[in-house]
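> Sharing a structure, written as C-alpha cells. Questions coming.
Residue numbers (my numbering), protein chains in the order written: chain A, 1 to 375; chain B, 1001 to 1375.
Right, dumping it as C-alpha cells:
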C-alpha cells in the first residue's frame, strides 16, 4: 500500500494524483505543455494575438458579444472586482446567497463598505424562480444583482436561465452578475440570451486548465455602471481593463502561461463540440449520483437544483470523511473532497469537471464502491 | 531575414525570443518544466510542503524572519494590497515617487480613497538620503511610507539601505513599504536590517520565473497596522492571508504552477550563491552601460542611482526606438524595450534580469553594436 508520503512524492515528481475534487482539476498533457513554453513580453504582437484569439473563443462558448476580460487572479479576485465596480457607494446591490461562495460575495461587499440587501437560503436549497420573482418585485430598484450559478459548497445549480430574464423584466436597470466559477465550460451558459451582464469564472475548474487566471464577460451596461462607481481601485478597475482590452492587453502583466493553456483548451472544446462536452458532464455526474446512492448515501442538494458538474453527498452513513479520502488516496491515488467549511464532515464532494474521461471515472467509482462496501 | 510574423510564430511554437526587456524575462528549461507538471489540490499536504519550502527560501534570500505571503496576482496586485492594508481611512501615508511605478501607487491610493502626502521627483532623479532625512523630519507622523526601490521606468535604484534606517529613526511608528518588483533576486535586499516592513515583488523579473505570482514579506508591525485599517477588502486582506499562511495555505486558489517554478528557481539561486548572482547582474549591467555609451548614447538616470538590473538609455541619437527594436527582433530574435509611458521614444531599456548568461549578453550586445554602427 502506498503511503501518503509517497503520493506527495509522486506529485512532486510530476506524476498525477487522479483528482475528482472541485478544482484545481486534472489537466491533460496537451494543455500542460503549453504552460512550459517560452514567453514573449506581455506587450508584443504575439501576446495580442493570443489575447484576441482566447477572447473570441470564450465569446463563442458563452454565446455573447460582450468583451472578455482576463484577470491575473483566482476566481475570488474577479468576484471582488464585481463588488468594486458594480456597487456604487450610495447605491445598493442585492445578493442571492445559498452557500459559501454567496457568503464570500457578501463578505467582500461588507469589507469594501458597499451596501447590499441579502437573501440567503439554507445551505442545500436553490433559488426557485417563483421566489426570485417575488424578491425582484420589491419596490426597491437595485443597481446590481449577484448570484452564484453553481454553488460548489452545496452542489446547487441555480436556474440562471430563468432568473436572468426575471431580472430583465422586474429590475431592468440592474446589472446582473453571475459567478460561474465552477460551471463555465462544463454547462451551457447563454450570456446574452439570459441577460447576464457579468459572467465570471477561473481556469482551474470546468475549463480544465491550471489555476492562476480569472475570466469575466462584461457588458456595456456593466461598464456604464462602473463609470458611476467611485473608488473602484486600480488592479480590478473594469474601465482600465476595458481601455487595455481594446488593444488586446491587460493593464498589468498577464499570467501568460495560463492564458496560452486556456487558448489551447478552448480550441479543443470547440473542436469536440460544446454540446458533447456538456452531455458528457451530465452523464458522468449521473453515474456519480447513482453510485453514491447505491453505496447508501444521499444527495445533499434540493431535488431539481442538482449541479451537473459537482455532486455534494450527504454523509448519511456517518463515516469519517477525512479518513475515507486519505484511504482512497493512499491506496489508489484517487482523490475526492471533503465538504466545504461547516459541511466538512457532514458531506463530501465528487466533481466531474474538466477532462475526466468515462474510463477514468469508472475506475474511480469502482475504488469508491470497494471502499464503502468493505467498510 | 526573418519577418516579425515568423518571430511570433517561433514564440507560439515554443522557441524563445531572447528577451533583454524588463520582464517577463526569459526562463530556462529547468524552471519552465515545473510549470507543466500535474497539480494536486491547493488544499493538500503536497501544496503545504511546497508553500512552506518556498517561504523559507525567500526568507533566507531576503534576510528576514517576517512571514512571506503569496498572491495570485501580478506585482501591481501586491502594490494595491499594500494601499488597502497599510493606509487607514483616517490616517495618512507618505509616498516617495520618482517614476511610473511611484505614480501607480499614488493612483492606487487615490482610487481607493486613502489620504497620502506625495513627494515626487523629476523622472530620472533618485531619492538622496539627505533629502529624505529632511522630508521625514516633518512634524507629521505617518502611518506608512512607500517607496519604489528599483524604478524600472527610469532606471533609478533608490538607496533603501539608507532610507529604511532613516524611517526607523525619524518616523519610528511608520510601516515602511518597499516595491522591489524589478530587483528582488537580482540585488541584495536585507529586509530586517534595513527596517523594511513590507517588501514586495513578482515572479517574472529578477526571480526569473514566468508571470502570475506576487510575493511580499510582511512584518508583525505591518499586520498590526492592517488590524487598524477598515475596508481592506477580501482578496488582498493581509489578516486573512496571515490566517491561511499559518496553515501554509493562501485564502483563494494559488497559482500552483508558478509557485512550483519559483521554488525550483530559488533552490538554484541559493545553490549558486546569491552573492555570485548579484555580482553577475552588476557585471552584466556594467557591460550594457559601456556598450550603449560606446554607441553614442547616454544613461538616463542620475549618477549614483543607476540600477544594477535595468539600464535606461537616453535616446541622444534620436533614433526611432520602435524601429530599432523591431529591426533587432526581426533580424536576430533579440528583444529590448522602448521607454516607459511618456519616455517611450525618449529612452529605451535593456535589462539584465533573471538567468541571462554573459554569453547571451555578449551576442546581444554584438547585434546591438552592429545595429547602431550601421545606422
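Even for Gly, the Cβ is constructed at its ideal location relative to N, Cα and C.
Predicted, not measured: the structure shown is a model, and the values here were computed from it.
For the alpha helix (DSSP H) holding residue 382 of chain A, just list the boundary residues, first then last.
Look at the range of chain A in this structure, 1 to 375, and you will see that residue 382 of chain A is not part of it.
> Given a cut-off of 8 Å, decide if residue 1269 of chain B and residue 1031 of chain B are closer than it, judged by their beta-carbon atoms.
Against a cut-off of 8 Å, the Cβ pair of residue 1269 of chain B and residue 1031 of chain B comes out as no contact.
> Report the three-state DSSP secondary structure of residue 1334 of chain B (helix, strand or coil).
The answer is strand: DSSP assigns residue 1334 of chain B an E or B state.
> Determine, using beta carbons only, whether residue 3 of chain A comes closer than 8 Å to chain B.
Legend: pLDDT at residue 3 of chain A = 44, less than 50; position of this residue unreliable, no value from coordinates given.
> Using CA atoms only, rank isn't needed, just tell me which of A:172, A:192, A:320 is closest to residue 68 of chain A.
Per the Cα distances, A:192.
> Report the residue ranges of all beta strand (DSSP E) runs contained in full by the segment 162-239 of chain A; include only those spanning at least 3 residues, in chain order.
Counting whole runs of 3 or more residues, the segment 162-239 of chain A contains the beta strand (DSSP E) stretches 175-179, 198-202, 214-218.
> Using a C-beta to C-beta distance shorter than 7 Å, which residues of chain B count as neighbours of residue 359 of chain A?
None at all; the shortest Cβ gap to chain B is about 18 Å.
> Any Cβ of chain B within less than 8 Å of the Cβ of residue 237 of chain A?
Closer than 8 Å: yes.
> Mind checking which residues open and close the beta strand (DSSP E) that includes residue 67 of chain A?
67-71 is the span of the beta strand (DSSP E), which, as asked, contains residue 67 of chain A.
> Report yes or no: is there a C-beta of chain A within less than 8 Å of the C-beta of residue 1115 of chain B?
It does not; no Cβ of chain A falls within 8 Å.
> If residue 1262 of chain B sits next to residue 1054 of chain B, beta carbons under 8 Å apart, how far is it from one beta carbon to the other, in whole angstroms?
Sure, about 6 Å apart at Cβ, within 8 Å.
> Indicate whether residue 1112 of chain B and residue 1084 of chain B have their beta-carbon atoms separated by less than 8 Å.
Yes, the pair counts as a contact, with Cβ atoms nearer than the cut-off.
> Please list, in chain order, all residues of the same chain as residue 314 of chain A whose beta carbon is under 8 Å from its beta carbon, the five residues on each side excluded.
Here the set comprises 297, 298, 299, 300, 346, 347.
> Give the interface partners of residue 1111 of chain B over in chain A, defined as CB-CB distance under 8 Å, in chain order.
In chain order: 231, 232, 233, 234, 237.
> I'd like the span of the alpha helix (DSSP H) that includes residue 1096 of chain B, first residue to last.
Careful: residue 1096 of chain B lies outside any alpha helix (DSSP H), inside the beta strand (DSSP E) at 1093-1097.
> Measuring alpha carbon to alpha carbon, tell me which of A:304, A:107, A:251, A:163 ends up nearest residue 178 of chain A.
Here the closest residue by C-alpha is A:163.
> Near residue 1034 of chain B, what residues of its chain come up, given a Cβ to Cβ distance below 8 Å and the 5 sequence neighbours on each side ignored?
Correct list, in chain order: 1257, 1260, 1261, 1263, 1264.
> Beta-carbon within less than 8 Å of residue 6 of chain A's beta-carbon, same chain only, minus the 5 sequence neighbours each way: which residues are those?
For residue 6 of chain A, the predicted model reports a pLDDT of 49, less than 50, meaning its position is unreliable; a value from the coordinates is still stated below. Contacts found: none.
> For the segment 1193-1200 of chain B against the segment 1353-1367 of chain B, are there 3 or more C-beta pairs whose distance is under 8 Å?
No, the segment 1193-1200 of chain B is not in contact with the segment 1353-1367 of chain B.
> Taking C-alpha atoms, which residue in A:367, A:159, A:92, A:247 lies nearest to residue 173 of chain A?
Measuring from the Cα of residue 173 of chain A, the nearest candidate turns out to be A:92.
> If you run the structure through DSSP and keep just helix, strand and coil, what is residue 248 of chain A?
Three-state result, residue 248 of chain A: coil.
> Roughly how many whole angstroms lie between the Cα atoms of residue 1022 of chain B and residue 1310 of chain B?
If I take the Cα positions, the gap works out to 7 Å.
> Can the beta-carbon of residue 229 of chain A be found closer than 8 Å to that of residue 106 of chain A?
No; because the gap between Cβ atoms is not below 8 Å, this pair is not in contact.
> Residues of chain B with CB under 8 Å from residue 27 of chain A, in chain order?
Ordered by position in chain B, the residues that pass the 8 Å Cβ test against residue 27 of chain A are 1038, 1039.
> Between which two residues does the alpha helix (DSSP H) holding residue 134 of chain A run?
Residues 129-136.
> Taking C-beta to C-beta, are residue 1302 of chain B and residue 1156 of chain B nearer than 8 Å?
Result yes, Cβ atoms of residue 1302 of chain B and residue 1156 of chain B sit closer than 8 Å.
> Give every residue of the same chain whose Cβ lies closer than 6 Å to the Cβ of residue 1295 of chain B, excluding the five residues on either side of it in the sequence, and list them in chain order.
Taken in chain order, the residues that qualify are 1372.
> Could you spell out where the beta strand (DSSP E) holding residue 1118 of chain B opens and where it closes?
1116-1120 is the extent of the beta strand (DSSP E) around residue 1118 of chain B.
> Apart from the five residues just before and just after residue 328 of chain A, which ones in its own chain have a Cβ nearer than 8 Å to its Cβ?
Same-chain partners within the cutoff: 334, 335, 336, 367, 368, 371.
> Kindly indicate if chain A contains any beta-carbon less than 8 Å away from that of residue 1033 of chain B.
Closer than 8 Å to some Cβ of chain A, the Cβ of residue 1033 of chain B qualifies, so yes.
> From this set, A:77, A:243, A:135, A:47, which residue's C-alpha is nearest residue 1251 of chain B's C-alpha?
Answer by Cα proximity: A:77.
> Does DSSP put residue 1052 of chain B in a helix, a strand or coil?
Reduced to three states, the DSSP call for residue 1052 of chain B is helix.
> With DSSP run on the structure shown, which of helix, strand or coil describes residue 1325 of chain B?
Note: residue 1325 of chain B maps to helix in three-state DSSP.
> Going by CA-CA distance only, name the one from B:1305, B:1325, B:1290 that's closest to residue 1362 of chain B.
Out of B:1305, B:1325, B:1290, B:1290 has the C-alpha closest to the C-alpha of residue 1362 of chain B.
> Within its chain, find whatever has a CB closer than 7 Å to the CB of residue 1218 of chain B; leave out the 5 residues flanking it on each side and keep chain order.
So the qualifying residues of the chain are 1066, 1067, 1069, 1198, 1238.
> Give me the chain B residues within the contact set of residue 107 of chain A, using Cβ-Cβ distance strictly less than 8 Å, ordered along the chain.
Ordered by position in chain B, the residues that pass the 8 Å Cβ test against residue 107 of chain A are 1234.
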